[in-house]
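Numbering (full-length UniProt numbering), first residue to last: 1 to 123.
Glycine included, every Cβ here is placed at the ideal spot set by N, Cα and C.
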């Protein structure tokens, strides 16, 4: 399931953790594994302590996780293409369509699963 969240380009580690809790943990619970591209931001003490405290594995490189299969990149590409269409006339008003775009994205049924993200996650 995808969540599209408006943020600043540069966030402090504590702000990133707060976003994670506010937008993901409160809806889905704590993950067992965080898989991120190599990014020094996730090597900070804040992330290390968070992962230790909640027994979360912090896995950095995608190369070692073939099951990831590029889904994140495809999601970002789909969001970028759709946002370009939505904000053609007003480039400053891009945050308002995010909720509707997340809903539309999560209701689509990929050919591989034949289930929308909502149906897959919620049942």
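Can you tell me the Cα-Cα spacing of residue i and residue j, whole angstroms?
| i | j | result |
| --- | --- | --- |
| residue 5 | residue 55 | 25 Å |
| residue 110 | residue 72 | 14 Å |
| residue 74 | residue 82 | 12 Å |
| residue 24 | residue 86 | 25 Å |
| residue 19 | residue 84 | 24 Å |
| residue 106 | residue 8 | 24 Å |
| residue 104 | residue 29 | 23 Å |
| residue 117 | residue 76 | 15 Å |
| residue 16 | residue 113 | 31 Å |
| residue 10 | residue 53 | 25 Å |
Please confirm whether residue i and residue j have their CB atoms less than 8 Å apart.
| i | j | result |
| --- | --- | --- |
| residue 101 | residue 115 | no |
| residue 33 | residue 57 | yes |
Cα-Cα, which of the options is closest to residue i?
| i | options | result |
| --- | --- | --- |
| residue 26 | 3, 7, 10 and 9 | 3 |
| residue 48 | 14, 73 and 81 | 14 |
| residue 31 | 98, 51 and 75 | 51 |
| residue 44 | 108, 12 and 103 | 12 |
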